[in-house]
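Below is one structure, written out as structure tokens; comments come after it.
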Amino acid sequence: MLLFRDRFLFTEEKQKLDNYLRILEYSGLDRIIAETVTKSIEKGGRPPYNPFRLFSAILFAFSKHSGSLRRIEVSIRFDTRFMHLMEQKLPSYSTISRFYNNIVVARQREIFSCIMKEIVQKYNIDISEVFIDGTKFEANANKYNTVGPEN
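Each residue of the sequence shown is one higher than the one before, starting from 4 at the first, in this note's numbering.
This is the structure:
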């Protein structure tokens with residue numbers, strides 16, 4: 004029995020999460036995930052976790068912290084936002100890892116394009132022009148190397 008439920012989420016936070024889930028749902032992402040999951044379902048064992056919810060928790064974790072799969076497992080166990088996304092289910096590290104490697108990594112370009120199309124359409128974003136902020140990156144940077152203005 005879990006002590007933390009959705010009632011501990013503030014209404015504003017819950018609305019943000021529901022909006023996030025709605026964007027993922029309308030993007031057609033569930034179709035891509037369902038195709039891949041049905042190909043890899045094995046007979047026997049425990050019933051699988053909701054793959055759409057598992058993906059939404061993984062993507063949310065990448066947006067909030069480093070994206071370590073072990074850290075995602077901890078977040079699902081202790082963060083009420085992740086509990087809401089996973090519908091109170093607690094997948095293990097190996098389940099998250101298997102799902103991530105077999106489904107997310109395998110179809111990453113298709114998944115990314117579906118999500119981007121939905122965001123562009125929902126928020127009427129004009130992608131005909133792209134602006135870069137001028138940030139400079141250095142390949143072998145360390146704390147002693149700095150990037151200064153070019154002469």
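Virtual Cβ for every residue (Gly too), placed ideally from N, Cα, C.
Using beta-carbon positions only, say whether Arg-110 and Ile-26 come within less than 7 Å of one another. no
Measuring only the C-alpha atoms, how far is Gly-137 from Ile-99? 36 Å
Taking the straight line between their C-alpha atoms, what separation do you get for Gly-31 and Asn-22? 15 Å
Secondary structure of Lys-17, DSSP reduced to three states: helix
State the start and end residues of the unbroken alpha helix (DSSP H) segment that holds Met-119. 111-125
Quick check: what's the CA-CA separation for Leu-12 versus Phe-85? 11 Å
Is the stretch 54-64 touching the stretch 123-134 in the sense that three or more CB pairs, one from each, lie closer than 8 Å? no
Hey, His-1 and Leu-20 are a contact pair by Cβ (cut 8 Å); roughly how many whole angstroms apart? Summary: the structure shown does not reach residue 1, with the chain confined to residues 4 through 154, and so no result is reported for it.
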